[in-house]
Amino acid sequence: MAAYNPMSYHNGSVWPHDTSIVAAGIMRYGFVAEAQQIAMAVFDAAELLGGRLPELFCGFDRSEFDSPVSYPTSCAPQAWAAASPLHLLRSLCRFDPSIPSGRVWCDPVVPERFLPLVVEGLRIGGTAVTFEIHHDGWRIEGLPDGVELIRSPRPPATTVNPAVPGEAIGIRRQTL
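1001 is the number of the first residue of the sequence shown in the numbering used here; add one for each residue after it.
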């Protein structure tokens, strides 16, 4: 793109929170390797920045600089950037609870470097659950009664529900 500038606020910089939203979206549509690559790049940047993700950093290629280049006026740490690794982890776990529908979708694709991974005290429907991912499998313990665990990724919201013509899976109809 002609306007690309790695030091431009909106035409080349990297925003961790926007990047985590992109990774979540492409994961939802089945682009697992690409979402993993994006997530790992943000995790690598966080590690190189001492675990304190800034609001944004310059978008230089890794071949040009060994570590992320700080954006001159970026807030660091920054709240929504700090939440990005959690959003990325949720995307890598393909963990998508829908308590109103009584379902939790999960099908982890967490890179080996993060295994084993144990999350304790995760609140689902008011209940604390434990989520474990190991090299040979995964499990969730303590789901509330009546909540179904679906061991696959949640389909995109644009997927048509064959049981209800015209209704998309994952979209709950509400009367206002």
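Cβ atoms here follow ideal geometry from the backbone N, Cα and C, with glycine treated the same way.
Residue i versus residue j: straight-line alpha-carbon distance, rounded
{"i": "Leu1115", "j": "His1135", "result": "6 Å"}
{"i": "Ala1128", "j": "Val1119", "result": "10 Å"}
{"i": "Pro1097", "j": "Arg1090", "result": "10 Å"}
{"i": "Leu1176", "j": "Ile1021", "result": "The predicted model places Leu1176 with a pLDDT of 46, which falls under 50 and marks its position as unreliable, so this point remains unresolved."}
{"i": "Arg1094", "j": "Tyr1004", "result": "32 Å"}
{"i": "Glu1047", "j": "Glu1034", "result": "20 Å"}
{"i": "Leu1092", "j": "Gly1146", "result": "25 Å"}
{"i": "Glu1112", "j": "Ile1150", "result": "23 Å"}
{"i": "Gly1125", "j": "Ala1083", "result": "21 Å"}
{"i": "Phe1031", "j": "Cys1058", "result": "25 Å"}
{"i": "Gln1174", "j": "Ile1026", "result": "In this predicted model, Gln1174 has a pLDDT of only 48, less than 50, meaning its place in the structure is not dependable enough to derive any value."}
{"i": "Arg1123", "j": "Ala1076", "result": "29 Å"}
Member of the options whose CA lies at the smallest distance from the CA of residue i
{"i": "Thr1087", "options": "Asp1018, Arg1113, Val1129 and Ala1128", "result": "Correcting the residue type first, residue 1087 is His in the shown sequence and not Thr. The option with the nearest alpha carbon to His1087 is Asp1018."}
{"i": "Phe1060", "options": "Arg1151, Val1147 and Asn1011", "result": "Asn1011"}
{"i": "Glu1148", "options": "Gly1121, Pro1156 and Val1104", "result": "Val1104"}
{"i": "Arg1052", "options": "Asn1005, Pro1016, Ala1002 and Ala1157", "result": "Pro1016"}
{"i": "Arg1062", "options": "Pro1111, Pro1006, Gly1030 and Gln1078", "result": "Pro1006"}
{"i": "Pro1144", "options": "Gly1102, Leu1049, Ala1076 and Ala1079", "result": "Gly1102"}
Residues near residue i by beta carbon distance below 8 Å, same chain, minus five either side
{"i": "Trp1138", "result": "Cys1106, Pro1108, Phe1131 and Glu1132"}
{"i": "Gln1036", "result": "Leu1092, Val1109 and Pro1111"}
{"i": "Phe1043", "result": "Pro1085 and Leu1088"}
Counted within 10 angstroms of its Cβ, other Cβ atoms place residue i as buried (16 or more) or exposed
{"i": "Ser1070", "result": "exposed"}
{"i": "Pro1054", "result": "buried"}
{"i": "Met1001", "result": "exposed"}
{"i": "Phe1065", "result": "exposed"}
{"i": "Ala1023", "result": "buried"}
{"i": "Pro1153", "result": "buried"}
{"i": "Ala1081", "result": "buried"}
{"i": "Ser1067", "result": "exposed"}
{"i": "Ala1039", "result": "buried"}
{"i": "Ala1079", "result": "exposed"}
Close Cβ partners of residue i (< 7 Å) along its chain, the five nearest in sequence each way excluded
{"i": "Leu1056", "result": "Ser1013, Val1014, Trp1015, Tyr1071 and Ser1074"}
{"i": "Leu1049", "result": "Pro1068"}
{"i": "Gly986", "result": "In the structure as shown, the chain starts at 1001 and stops at 1176, and residue 986 therefore has no counterpart that could be examined."}
{"i": "Tyr1009", "result": "none"}
Proximal residues to residue i (C-beta, below 6 Å), its chain only, five neighbours per side dropped
{"i": "Glu1141", "result": "Thr1130"}
{"i": "Tyr1029", "result": "Pro1156"}
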